[in-house]
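In this note's numbering, the protein residues as written are 1046 to 1279.
Idealized CB from N, CA, C, for every residue including glycine.
These figures come from a predicted structure and were not determined experimentally.
In what follows, a single structure is set out as structure tokens and then discussed.
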């Protein structure tokens, strides 16, 4: 494992970008190591969304958090990361020019974001026919013979209100089951049962001890299903 020297000392504030405007103590280390890690950050500078869109395009919140990112089987730790789920882009911070910069998503194998409630994301090369695949970054919720993944994404819509904003961000999540190289988008219980090749009785038995609503608690429902299936297949 390696520590990526993009980590810089910064203060999270309630205004603007969340960074104090003082000196960055890791600038020297950044300059020494930037060439070594060029293939990670050659995606260019990030362009913020238009100011007339209410909300933000990021997963969870708009502040950078220390995370981990794996590229070419090398794990970089203590990297300030932001995940834009509107454009499906990973961002880090350039301390010299104080800019958000793009991490090349095609080079990423996986990354972890969030210090208190860490979420792991993996890159899936292809998902034929799925319009929100984009750069292929999916949250890995559960891993096993059958894995559960989530695709988080944001879109915009008209606010329909008289205000300084013309549009607003809203978030959606799609869930997938993965077995080997097969991915199945799950929007109905029947899709999950058929993908797992389970008969109706075995499928219902998974939920005997706990009632979970597929409509209202989809992630919990699919997590229970995947856990039950993987336990049965061991």
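State the start and end residues of the unbroken beta strand (DSSP E) segment that holds residue 1112.
-> 1110 to 1116
Beta-carbon spacing of residue 1157, residue 1113 below 8 Å = yes
As assigned by DSSP and simplified to three states, the class of residue 1076 | Because the pLDDT at residue 1076 is just 42, under 50, the model does not fix this residue reliably, and the point stays unresolved.
Cutoff 6 Å; reference residue 1224; Cβ partners in own chain excluding five residues on either side = Residues 1191 of the same chain have their beta carbon placed closer than 6 Å to that of residue 1224, with the five preceding and five following residues left out of the count.
Using the beta-carbon count (16 or more within 10 Å), is residue 1092 buried or exposed?
-> exposed
Measure the C-alpha to C-alpha separation of residue 1152 and residue 1207 and round it to an integer number of angstroms.
-> 43 Å
Pull up the distance between the alpha-carbon of residue 1143 and that of residue 1109, whole angstroms please.
-> Separation of residue 1143 and residue 1109 (C-alpha to C-alpha, rounded to the nearest whole angstrom) is 13 Å.
Does the Cβ-Cβ distance between residue 1136 and residue 1165 come in under 8 Å?
-> no
Inter-residue spacing [alpha-carbon to alpha-carbon] between residue 1138 and residue 1115 | 17 Å
Beta-carbon gap between residue 1220 and residue 1241 smaller than 8 Å = no
Alpha-carbon to alpha-carbon, residue 1159 and residue 1202 | 28 Å
The alpha helix (DSSP H) with residue 1249 in it runs from where to where?
-> Residues 1245 to 1250.
Are the CB atoms of residue 1269 and residue 1251 nearer to each other than 8 Å?
-> Yes, these two residues count as a Cβ contact at 8 Å.
Continuous alpha helix (DSSP H) stretch holding residue 1195: start and end = Unbroken run through residue 1195 is the beta strand (DSSP E), 1191 to 1203; no alpha helix (DSSP H).
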